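*Asks:*
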Amino acid sequence: MSPSCLETISRHVSIRKFRDEPVPREDLERILEAARRAPSSWNLQPVTVIAVTDKGLRRSLAEIVGGQEHVAEAPVFLVFSADYHKLLEASRRAGVSVAQPGLGHFVVAAIDVGIASGWAALAAEELGYGIVFVALYADPCRVADLLGLPLHVVPLVGLAVGRPAESPEPRPRQPLEVFAAENQYPSPIDLGDKVRSIYRGGGTKLFRYVLGPNGYYDHVARALIECLEKRGFRATAP
Ligand SMILES: Cc1cc2nc3c(=O)[nH]c(=O)nc-3n(C[C@H](O)[C@H](O)[C@H](O)COP(=O)(O)O)c2cc1C
65 MSPSCLETIS
75 RHVSIRKFRD
85 EPVPREDLER
95 ILEAARRAPS
105 SWNLQPVTVI
115 AVTDKGLRRS
125 LAEIVGGQEH
135 VAEAPVFLVF
145 SADYHKLLEA
155 SRRAGVSVAQ
165 PGLGHFVVAA
175 IDVGIASGWA
185 ALAAEELGYG
195 IVFVALYADP
205 CRVADLLGLP
215 LHVVPLVGLA
225 VGRPAESPEP
235 RPRQPLEVFA
245 AENQYPSPID
255 LGDKVRSIYR
265 GGGTKLFRYV
275 LGPNGYYDHV
285 ARALIECLEK
295 RGFRATAP
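Letter by letter, the sequence shown follows residues 65 to 302 of the working numbering.
#1: For ligand 1, is there any heavy atom lying closer than 6 Å to the beta carbon of Phe271?
#2: Thinking Arg235 and Val135 are a contact (beta carbons under 8 Å), I'd like their distance in whole angstroms, please.
#3: Using beta-carbon positions only, say whether Ala126 and Ala184 come within less than 7 Å of one another.
#4: Over what stretch of residues does the alpha helix (DSSP H) that includes Ile128 continue unbroken?
#5: According to the Cβ coordinates, are Val111 and Asp176 closer than 7 Å?
#6: Apply the 10 Å Cβ neighbour rule to Arg295 and answer buried if 16 or more other Cβ atoms are within range, or exposed otherwise.
#7: Could you tell me the distance, in whole angstroms, from the CA atom of Arg237 to the CA atom of Val259?
#8: Given the structure, does Phe197 come close to ligand 1, in the sense that its CB is under 6 Å from one of the ligand's heavy atoms?
#9: Could you have a look at Ala184 and say whether DSSP puts it in helix, strand or coil?
#10: Starting from Asp254, trace the beta strand (DSSP E) in both directions and tell me its first and last residue.
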C-alpha cells in the first residue's frame with residue numbers, strides 16, 4: 065500500500081545523489097499529472113513543465129545553476145516556468161486584444177509554479193523517488209535560451225527526480241510555535257533566538273548571505289527584472 069500524503073510529507077528529505085536508473089514513462093506521467101491537478105488562481109494555469117530527460121541538456125543546466133551535479137545525475141529534471149505565452153495565444157484566438165503582462169501576472173504565476181512543483185515533488189516521493197528543488201530564478205534567461213522557450217515564459221524552479229542513492233537525516237525546521245500561531249502573530253519573547261537555533265552556526269553565515277547588504281536575493285532581483293523585460297513582461301508598476 066502506498067504511504068499517505070501525510071506520511072510522505074513527514075519522510076521528506078532532499079536527495080542530491082541519484083542512482084543511474086531511468087524513470088519509467090508511466091511514473092513520469094503520474095508526477096506530471098499531480099502537478100497538472102494543482103490549484104491555480106482563476107484556474108488560469110500560467111504554468112508549463114518541461115521534463116528534461118536528455119543528458120546533454122541536463123549537463124548544460126547543471127552548469128547554468130553553478131555546477132550542481134545532481135541536476136546532471138538525476139534521470140529527470142523538471143523545469144517549471146511561469147508561462148503567459150500559451151494564454152496570450154488563447155486570448156488572441158478568443159478575439160481579446162491583450163496588454164503586456166506585468167509584475168502582477170508574474171507573481172501569481174510564480175505562486176502557481178510553487179504549488180504545482182510542490183505537488184509534483186510529493187507525488188514523486190510517494191512513488192519512492194528522491195527529489196531536490198533547484199533554483200532557476202538566479203539566471204532564468206540562460207535556462208530559457210537553452211530550452212528554446214518562447215517569449216513570456218520564465219523558468220523559475222527545477223525538480224531533480226530519481227531513485228535515491230543516499231539517505232540523509234531529516235533537516236531541521238523552525239519550531240511550530242514560531243512557524244504558526246492562532247489568530248495572531250507568534251509572540252515568544254525569544255522569537256529571534258528560537259528561529260536562529262535551527263540554522264547551522266546560529267545562522268550568521270546564511271543571514272549575512274541572504275539578508276545582508278548586496279546579498280543573494282539582490283542578485284536574483286537584478287537577474288529577474290532583466291530577464292522579465294527581455295522575455296516580454298513589464299517589470300515596473302503599470
Ligand atoms: C525554491 C527552492 C529552491 C531551492 N534551490 C536549491 C538549489 O538550487 N540547490 C539545492 O541543492 N537545493 C535547493 N533547494 C532545496 C533546499 O535547500 C532544501 O529544501 C532545504 O535545505 C531543506 O532541506 P530538506 O528539503 O532536505 O528538508 C531549494 C528548495 C526550494 C524550495
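We put the beta carbon where it would ideally sit given N, CA and C, even for glycine.
Keep in mind the model is a prediction, meaning the values are calculated, not measured.
*Replies:* On the basis of the coordinates in this document:
#1: For Phe271, the distance from the CB to the nearest heavy atom of ligand 1 is not below 6 Å.
#2: With 8 Å as the limit, Arg235 and Val135 do not qualify as a contact, their Cβ atoms being about 20 Å apart.
#3: For Ala126 and Ala184, no; Cβs fall outside 7 Å.
#4: Unbroken alpha helix (DSSP H) run through Ile128: Lys119 to Ile128.
#5: Going by C-beta atoms, Val111 is nearer than 7 Å to Asp176.
#6: Answer is buried; the Cβ neighbour count reaches 16.
#7: Arg237 and Val259 have their C-alpha atoms some 9 Å from each other.
#8: It does: the Cβ of Phe197 is within 6 Å (strictly closer) of some heavy atom of ligand 1.
#9: In the structure shown, Ala184 falls within a helical segment according to DSSP collapsed to helix, strand and coil.
#10: It is not in any beta strand (DSSP E) - Asp254 carries neither H nor E in the DSSP assignment.
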